[in-house]
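2 protein chains.
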Amino acid sequence: MSTRPTDEGLALSVEVVVFGVDDSDLKLLARRREGEPFAGRWALPGGLVGGDEALEGAARRVLAEAGGVSPAYLEQLYTFGAIDRDPRRRTVSVAYYGLVRLADPRAPASAPEGGAAWFVASAAPRLALDHDEIAATARRRLQAKVRYEPIGFELLPRKFTLSQLQALYEVILERALDKRNFRKKILAMDLLADSGKVEADVARRPARLYRFDERRYRRLCKQGFNFEV
Amino acid sequence: MSTRPTDEGLALSVEVVVFGVDDSDLKLLARRREGEPFAGRWALPGGLVGGDEALEGAARRVLAEAGGVSPAYLEQLYTFGAIDRDPRRRTVSVAYYGLVRLADPRAPASAPEGGAAWFVASAAPRLALDHDEIAATARRRLQAKVRYEPIGFELLPRKFTLSQLQALYEVILERALDKRNFRKKILAMDLLADSGKVEADVARRPARLYRFDERRYRRLCKQGFNFEV
Numbered sequence: 007m008s009t010r011p012t013d014e015g016l017a018l019s020v021e022v023v024v025f026g027v028d029d030s031d032l033k034l035l036a037r038r039r040e041g042e043p044f045a046g047r048w049a050l051p052g053g054l055v056g057g058d059e060a061l062e063g064a065a066r067r068v069l070a071e072a073g074g075v076s077p078a079y080l081e082q083l084y085t086f087g088a089i090d091r092d093p094r095r096r097t098v099s100v101a102y103y104g105l106v107r108l109a110d111p112r113a114p115a116s117a118p119e120g121g122a123a124w125f126v127a128s129a130a131p132r133l134a135l136d137h138d139e140i141a142a143t144a145r146r147r148l149q150a151k152v153r154y155e156p157i158g159f160e161l162l163p164r165k166f167t168l169s170q171l172q173a174l175y176e177v178i179l180e181r182a183l184d185k186r187n188f189r190k191k192i193l194a195m196d197l198l199a200d201s202g203k204v205e206a207d208v209a210r211r212p213a214r215l216y217r218f219d220e221r222r223y224r225r226l227c228k229q230g231f232n233f234e235v
Numbered sequence: 007m008s009t010r011p012t013d014e015g016l017a018l019s020v021e022v023v024v025f026g027v028d029d030s031d032l033k034l035l036a037r038r039r040e041g042e043p044f045a046g047r048w049a050l051p052g053g054l055v056g057g058d059e060a061l062e063g064a065a066r067r068v069l070a071e072a073g074g075v076s077p078a079y080l081e082q083l084y085t086f087g088a089i090d091r092d093p094r095r096r097t098v099s100v101a102y103y104g105l106v107r108l109a110d111p112r113a114p115a116s117a118p119e120g121g122a123a124w125f126v127a128s129a130a131p132r133l134a135l136d137h138d139e140i141a142a143t144a145r146r147r148l149q150a151k152v153r154y155e156p157i158g159f160e161l162l163p164r165k166f167t168l169s170q171l172q173a174l175y176e177v178i179l180e181r182a183l184d185k186r187n188f189r190k191k192i193l194a195m196d197l198l199a200d201s202g203k204v205e206a207d208v209a210r211r212p213a214r215l216y217r218f219d220e221r222r223y224r225r226l227c228k229q230g231f232n233f234e235v
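Protein chains in written order, with this note's numbering: chain A, 7 to 235; chain X, 7 to 235.
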């Protein structure tokens with residue numbers, strides 16, 4: 007049992023794990039640390055929480071500082087509080103994770119400013135402090151969550167094909183999915199509304215365009231429906 | 007954007023939502039606040055985190071102080087950091103939630119010491135500060151989680167009947183379940199091992215006793231299996 011009160015030397019920070027999705031990879035945003043300890047090493051975007059700043063506000067601020075990244079989806083992940091996680095002083099970190107769509111991953115313009123860069127999540131460099139553990143926790147949470155909550159749709163255009171949806175899931179889950187099973191599961195949930203339109207400007211037979219029926223999803227949830235991919 | 011650093015007046019606390027399960031109700035542990043503000047009002051067990059104390063350690067300590075409650079299941083819930091959640095000073099609370107089995111809910115001995123008491127969760131008194139919000143978040147999380155992770159088994163005897171399992175789920179979910187559907191779903195997952203034994207000392211036809219096959223569950227999870235009730 008401890009008698010040392012929290013306000014002697016305890017600091018509170020946020021760290022944010024941002025996953026970027028492009029056509030082929032799940033990517034992770036990291037930035038080079040400027041200060042000691044671990045100056046020059048890659049780390050998650052993060053920083054101390056201001057005394058009059060909300061936690062999610064602090065998470066969005068550190069992302070704005072890391073090249074202006076603004077995730078379509080942002081959620082609190084977990085609070086990491088191991089006593090020795092920072093060598094300077096006891097720092098408890100409230101971690102968030104978010105998702106952004108990377109418009110064109112090959113264009114250099116997609117690399118954010120502020121010493122930040124995107125890495126393929128499965129091949130990212132070692133991160134400073136306990137940030138590898140934070141990133142691994144976020145990756146597990148993301149991959150579990152997309153299977154039972156429809157958070158992937160926020161990364162698609164409003165109207166999309168089933169192939170685009172499957173490709174998105176394959177990138178997030180980092181593995182191939184069986185096309186027939188995937189379509190069967192998705193269509194059986196009856197959450198996709200046929201837009202009545204098909205793809206434009208494709209050489210092959212154009213595929214049907216769907217949209218996610220959010221209102222129907224909310225209604226079904228109240229009746230005990232479980233999303234599952 | 008804030009410039010006030012965290013260590014000017016920011017405090018870190020833990021609050022713990024403990025759910026007690028008996029034969030008929032989901033119960034919530036609350037204790038009377040001794041100090042101001044809200045002295046005498048019911049609140050969740052909680053307190054400041056010691057400077058050299060792990061977060062879960064602090065959660066277990068405040069439960070030990072609230073009558074020696076020791077949950078079979080304890081997990082971090084969410085970190086509540088609204089700027090004005092405590093009128094005294096900025097206090098960020100790392101909330102945990104846990105589950106305990108109440109041996110005999112009618113016996114006065116099951117009421118813990120230290121000004122704490124069990125309330126039926128759906129009829130608990132208003133709690134101080136933002137503790138109603140924390141408790142509601144925990145109840146939603148628990149009820150979602152028991153459906154896709156086998157955390158309920160930790161509250162049963164090692165060998166149990168299907169009726170005992172269903173009763174436990176009904177208490178946690180706070181609603182009746184269809185017996186046939188429940189048995190079908192549970193048995194289809196093939197996670198219960200037949201113990202080869204039946205109930206002893208019952209007047210009616212004794213029911214078969216099962217045990218949860220944890221090793222098999224771990225193995226199936228690695229193959230992408232999803233628990234679902």
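Idealized CB from N, CA, C, for every residue including glycine. Treat the numbers as computed from the prediction; the structure is a model and nothing was measured.
Check                                                                                                                                                                        : Outcome
Could you tell me whether the Cβ atoms of residue 201(A) and residue 221(A) are closer together than 9 angstroms?                                                            : no
Go through its chain and collect everything with a Cβ distance to residue 115(X)'s Cβ below 7 angstroms, but skip five positions before and after it.                        : Residue placement at residue 115(X) is poorly supported in this model, since its pLDDT is 48, which falls under 50; the coordinates are not used for a value here.
Which one of 181(X), 60(X), 102(X), 199(X) has the shortest CA to CA distance from residue 143(X)?                                                                           : 102(X)
Following the continuous alpha helix (DSSP H) through residue 17(X), name the residue where it begins and the one where it ends.                                             : Looking at the DSSP string, residue 17(X) is not in any alpha helix (DSSP H); the run it does join, the beta strand (DSSP E), is 17-27.
Could you have a look at residue 161(A) and say whether DSSP puts it in helix, strand or coil?                                                                               : helix
Pick out whichever of 155(A), 137(A), 181(A) has its Cα sitting closest to the Cα of residue 51(A).                                                                          : 137(A)
Following the continuous alpha helix (DSSP H) through residue 82(X), name the residue where it begins and the one where it ends.                                             : Unbroken run through residue 82(X) is the beta strand (DSSP E), 79-86; no alpha helix (DSSP H).
If you compare alpha carbons, which of 154(X), 159(X), 167(X), 181(X) is closest to residue 234(X)?                                                                          : 154(X)
Among 30(A), 26(A), 16(A), 24(A), whose alpha-carbon lies nearest the alpha-carbon of residue 182(A)?                                                                        : 30(A)
Taking buried to mean at least 16 other C-beta atoms within 10 Å of its own C-beta, is residue 66(A) buried or exposed?                                                      : buried
Tell me which same chain residues have a C-beta within less than 6 angstroms of the C-beta of residue 239(A), skipping the five on either side of it?                        : Given a span of 7 to 235 for chain A in the structure shown, any question on residue 239(A) remains unanswerable.
Run through the DSSP bridge pairs and tell me what residue 200(A) is partnered with.                                                                                         : 216(A)
To the nearest angstrom, report how far apart residue 89(A) and residue 84(X) are at their CA atoms.                                                                         : 19 angstroms
Return helix, strand or coil for residue 63(X), following the three-state DSSP convention.                                                                                   : helix
To the nearest angstrom, how far is the alpha carbon of residue 111(X) from that of residue 122(X)?                                                                          : Unreliable positioning characterises residue 111(X) in this predicted model, as indicated by a pLDDT of 49, which lies under 50. A coordinate reading is not provided.
List, in chain order, every chain X residue whose beta-carbon is nearer than 7 angstroms to that of residue 154(A).                                                          : 154
For a quick check, are the C-beta atoms of residue 62(A) and residue 80(A) less than 9 angstroms apart?                                                                      : yes
Rank 70(A), 19(A), 170(A), 38(A) by C-alpha distance to the C-alpha of residue 27(A) and give the top, closest one.                                                          : 170(A)
Residue 123(A) by DSSP, collapsed to three states: which one?                                                                                                                : strand
Let me check one thing: in DSSP terms, what residues is residue 208(X) bridge-paired to?                                                                                     : DSSP output for residue 208(X) lists no bridge partner at all.
Counting C-beta neighbours from all protein chains within 10 Å, is the total for residue 7(A) 16 or more, i.e. buried, or is it exposed?                                     : For residue 7(A), the pLDDT reaches just 41, beneath the cut-off of 50, and the residue's location in the model is therefore unreliable, although a value from the coordinates is still provided. Result: exposed.
Could you pull out every residue in the same chain whose Cβ sits closer than 6 angstroms to the Cβ of residue 168(X), ignoring the five residues on either side in sequence? : 189
Please state whether DSSP places residue 189(A) in a helix, a strand or coil.                                                                                                : helix
In its own chain, which residues sit with a C-beta less than 6 angstroms from the C-beta of residue 165(A), not counting the 5 before and 5 after it?                        : 201, 215, 217
Which residues bound the alpha helix (DSSP H) around residue 75(A)?                                                                                                          : Element bounds for residue 75(A): n/a, residue is neither H nor E.
Considering residue 38(A), what are the terminal residues of the beta strand (DSSP E) in which it resides?                                                                   : 32-38
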